[in-house]
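Participant:
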Amino acid sequence: MINQILRDAVSGWRLTERLLRLTLPLLQYQEEDFKTMSFSMISEHRKPLGFISWHDVQSSPDALTLHGLYINTLAQARGLGKQLLRYSERHARSVGVTKLELKAWRDAEPYFQHLGFSEKNKMRQENEYPVLLYREIHRV
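According to numbering that gives the first Met the number 0, the stretch in the sequence shown is residues 0 to 139, in order.
Put into structure tokens, the structure is as follows:
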């Protein structure tokens with residue numbers, strides 16, 4: 000189910016057919032990933048439309064590291080990604096961390112900046128992948 004959502008989301012990326020074919024297997028989650036990550040899915044009328052994933056082991060004591068946020072191409076621009084991010088923030092607060100961090104594809108950087116993420120490593124090269132972003136979690 001998770002990898003189907005991922006395929007549906009990635010199909011809308013601006014990639015050539017060849018690049019999509021080569022990239023998709025690298026992005027898909029493997030059995031080991033399901034042992035070391037947590038996933039939260041969002042659906043509508045029992046149809047899964049997106050998910051967010053994060054590493055169960057924190058890379059730093061004050062941050063929850065998000066691994067992926069994928070929304071079906073046909074369901075994008077409806078606030079579903081924002082809902083999933085809010086869910087991950089609630090989880091992060093419950094485990095006592097104060098930041099979310101993630102590595103994003105360059106094309107996704109404006110989306111995450113719109114949601115309040117900032118670039119963590121200002122010294123990186125312009126074409127370097129991935130972009131490392133973070134966001135402070137505000138107490139509610």
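Glycine is no exception: its CB is placed at the ideal position from the N, C-alpha and C atoms.
Does the count of Cβ pairs from the stretch 86 to 93 and the stretch 71 to 78 closer than 8 Å reach three?
Facilitator: No contact exists between the stretch 86 to 93 and the stretch 71 to 78.
Participant: To the nearest angstrom, report how far apart LEU25 and LEU5 are at their CA atoms.
Facilitator: Each residue's alpha carbon lies about 11 Å from the other.
Participant: By a C-beta neighbour count over all protein chains shown, 10 Å radius and 16 as the cutoff for buried, is VAL96 buried or exposed?
Facilitator: The residue is buried, with at least 16 neighbouring Cβ atoms inside 10 Å.
Participant: Taking 8 Å as the line, does the beta carbon of GLU135 fall inside it for any heavy atom of the ligand GDP?
Facilitator: Ligands displayed in this structure: none; no statement on the ligand GDP is therefore possible.
Participant: Assuming contact is defined by CB atoms lying nearer than 9 Å, are GLN57 and LEU63 in contact in what I supplied?
Facilitator: Yes, Cβ-Cβ distance for GLN57 and LEU63 is below 9 Å.
Participant: Out of SER52, GLY115, ARG45, PRO60, which one is the CA nearest neighbour of SER39?
Facilitator: That would be SER52, whose Cα lies nearest to the Cα of SER39.
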